[in-house]
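So the structure is just underneath, and the comments pick up after that.
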(Lines of atoms letter the chains of each structure in order from A and count residues from 1; the text may use other names and numbers.)
(Lines give C-alpha, C1' and ligand atoms only; values in the text may rest on other atoms or scores of the structure.)
Protein backbone atom coordinates (compact mmCIF):
# COMPACT_ATOMS: atom_id res chain seq x y z
CA UNK A 1 0.00 0.00 0.00
CA UNK A 2 1.24 3.47 -0.83
CA UNK A 3 0.71 6.56 1.30
CA UNK A 4 0.13 9.91 -0.35
CA UNK A 5 0.09 13.53 0.76
CA UNK A 6 -1.78 16.47 -0.77
CA UNK A 7 0.61 19.26 -1.67
CA UNK A 8 -0.02 22.68 -3.23
CA UNK A 9 0.52 22.94 -6.96
CA UNK A 10 0.37 26.07 -9.09
CA UNK A 11 -0.55 24.03 -12.14
CA UNK A 12 -2.05 20.55 -12.02
CA UNK A 13 0.60 18.08 -13.19
CA UNK A 14 0.88 14.37 -13.75
CA UNK A 15 4.31 12.74 -13.71
CA UNK A 16 5.68 9.33 -12.87
CA UNK A 17 9.19 8.07 -12.24
CA UNK A 18 10.75 5.05 -10.57
CA UNK A 19 11.16 6.95 -7.29
CA UNK A 20 7.87 8.79 -6.88
CA UNK A 21 4.54 9.27 -8.56
CA UNK A 22 2.44 12.43 -8.57
CA UNK A 23 -1.22 12.53 -9.55
CA UNK A 24 -3.56 15.41 -10.23
CA UNK A 25 -6.01 15.75 -7.38
CA UNK A 26 -7.69 19.03 -8.06
CA UNK A 27 -6.91 22.54 -9.10
CA UNK A 28 -4.16 23.74 -6.82
CA UNK A 29 -3.47 20.33 -5.23
CA UNK A 30 -1.74 17.10 -6.20
CA UNK A 31 -0.95 13.80 -4.50
CA UNK A 32 2.69 12.94 -3.86
CA UNK A 33 3.86 9.48 -2.81
CA UNK A 34 5.62 9.37 0.58
CA UNK A 35 8.76 7.26 1.04
CA UNK A 36 8.97 4.60 3.75
CA UNK A 37 11.35 6.86 5.72
CA UNK A 38 8.83 9.74 5.57
CA UNK A 39 6.04 7.43 6.76
CA UNK A 40 8.14 6.09 9.66
CA UNK A 41 9.16 9.63 10.63
CA UNK A 42 5.51 10.76 10.71
CA UNK A 43 4.39 7.78 12.78
CA UNK A 44 7.25 7.80 15.31
CA UNK A 45 5.96 7.40 18.82
CA UNK A 46 2.56 5.89 19.42
CA UNK A 47 0.08 7.77 17.27
CA UNK A 48 2.15 10.94 16.97
CA UNK A 49 0.13 11.75 13.85
CA UNK A 50 -3.09 10.65 12.21
CA UNK A 51 -2.98 7.47 10.17
CA UNK A 52 -3.43 7.76 6.39
CA UNK A 53 -6.74 6.91 4.71
CA UNK A 54 -7.13 3.12 4.54
CA UNK A 55 -8.74 3.37 1.07
CA UNK A 56 -6.65 5.86 -0.93
CA UNK A 57 -3.56 6.25 1.28
CA UNK A 58 -3.98 10.02 1.65
CA UNK A 59 -1.98 11.43 4.58
CA UNK A 60 -4.47 13.07 6.96
CA UNK A 61 -3.47 15.99 9.15
CA UNK A 62 -4.15 15.69 12.87
CA UNK A 63 -6.80 18.04 14.32
CA UNK A 64 -4.56 18.58 17.37
CA UNK A 65 -0.92 18.35 16.15
CA UNK A 66 1.42 16.79 18.69
CA UNK A 67 -1.40 15.07 20.57
CA UNK A 68 -1.14 11.30 21.00
CA UNK A 69 -4.78 10.72 19.98
CA UNK A 70 -5.64 9.77 16.40
CA UNK A 71 -7.98 12.64 15.48
CA UNK A 72 -7.88 13.07 11.70
CA UNK A 73 -8.88 16.31 10.02
CA UNK A 74 -11.10 15.78 6.94
CA UNK A 75 -11.70 12.15 7.89
CA UNK A 76 -13.03 9.66 10.46
CA UNK A 77 -11.29 7.19 12.77
CA UNK A 78 -12.71 3.69 13.30
CA UNK A 79 -11.84 1.03 15.90
CA UNK A 80 -12.58 -2.69 15.83
CA UNK A 81 -12.03 -5.19 18.62
CA UNK A 82 -12.35 -8.00 16.10
CA UNK A 83 -15.20 -9.96 14.64
CA UNK A 84 -16.13 -13.62 14.90
CA UNK A 85 -16.51 -13.89 11.12
CA UNK A 86 -13.06 -12.47 10.35
CA UNK A 87 -10.39 -14.91 9.25
CA UNK A 88 -7.78 -12.17 9.73
CA UNK A 89 -8.47 -10.41 13.05
CA UNK A 90 -10.36 -11.56 16.14
CA UNK A 91 -7.93 -11.32 19.09
CA UNK A 92 -10.34 -12.18 21.94
CA UNK A 93 -8.48 -9.68 24.17
CA UNK A 94 -8.37 -5.96 24.90
CA UNK A 95 -6.53 -5.26 21.64
CA UNK A 96 -8.14 -3.39 18.77
CA UNK A 97 -7.35 -2.14 15.29
CA UNK A 98 -7.72 1.52 14.37
CA UNK A 99 -8.02 2.95 10.88
CA UNK A 100 -8.89 6.23 9.21
CA UNK A 101 -10.93 6.97 6.10
CA UNK A 102 -10.87 10.39 4.45
CA UNK A 103 -14.11 12.31 3.92
CA UNK A 104 -13.83 11.98 0.14
CA UNK A 105 -13.55 8.16 0.21
CA UNK A 106 -16.37 7.93 2.77
CA UNK A 107 -18.63 10.09 0.59
CA UNK A 108 -17.85 7.95 -2.48
CA UNK A 109 -18.63 4.77 -0.50
CA UNK A 110 -21.91 6.31 0.67
CA UNK A 111 -22.90 7.12 -2.91
CA UNK A 112 -22.22 3.48 -3.83
CA UNK A 113 -24.45 2.28 -0.92
CA UNK A 114 -21.52 0.70 0.96
CA UNK A 115 -22.04 2.48 4.31
CA UNK A 116 -24.75 1.76 6.86
CA UNK A 117 -25.94 4.39 9.32
CA UNK A 118 -27.23 3.12 12.66
CA UNK A 119 -29.25 5.01 15.22
CA UNK A 120 -29.46 3.74 18.78
CA UNK A 121 -33.03 3.72 19.98
CA UNK A 122 -33.87 2.94 23.60
CA UNK A 123 -37.39 1.49 23.82
CA UNK A 124 -37.25 0.54 27.46
CA UNK A 125 -34.49 0.14 29.99
CA UNK A 126 -32.25 -1.82 29.77
CA UNK A 127 -33.34 -3.04 26.31
CA UNK A 128 -31.76 -1.14 23.43
CA UNK A 129 -32.15 -1.70 19.72
CA UNK A 130 -30.78 -0.08 16.60
CA UNK A 131 -32.38 1.33 13.49
CA UNK A 132 -30.31 0.83 10.34
CA UNK A 133 -30.34 2.24 6.83
CA UNK A 134 -27.82 3.11 4.16
CA UNK A 135 -25.97 6.32 4.98
CA UNK A 136 -26.57 9.17 2.53
CA UNK A 137 -23.71 11.67 2.74
CA UNK A 138 -25.72 14.33 0.91
CA UNK A 139 -28.73 14.05 3.22
CA UNK A 140 -27.17 13.25 6.59
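Numbering (the UniProt record's numbering), first residue to last: 1 to 140.
All C-beta atoms in this analysis are idealised placements derived from N, C-alpha and C, irrespective of residue type, glycine included.
Treat the numbers as computed from the prediction; the structure is a model and nothing was measured.
Using the C-alpha atoms, what's the distance from residue 50 back to residue 66?
-> 10 Å
Could you name the residues of the same chain whose beta carbon sits closer than 6 Å to that of residue 91, not counting the 5 residues immediately before and after it, in chain order?
-> 82
Residue 87 versus residue 68: straight-line alpha-carbon distance, rounded = 30 Å
The beta strand (DSSP E) enclosing residue 98, as first and last residue numbers = 97-102
Identify the residues that DSSP records as bridge partners of residue 81: which are they?
-> Partner residues in a beta bridge of residue 81, as assigned by DSSP, do not exist.
Give the single residue among 71, 32 and 85 whose Cα lies nearest to the Cα of residue 63.
-> 71
For residue 34, three-class secondary structure by DSSP | coil
Could you tell me which residues DSSP pairs with residue 54 in its beta bridges?
-> Paired residue(s): none; residue 54 is not in a bridge.
Contact check, residue 75 vs residue 101 under 8 Å by CB: the rounded distance?
-> 6 Å
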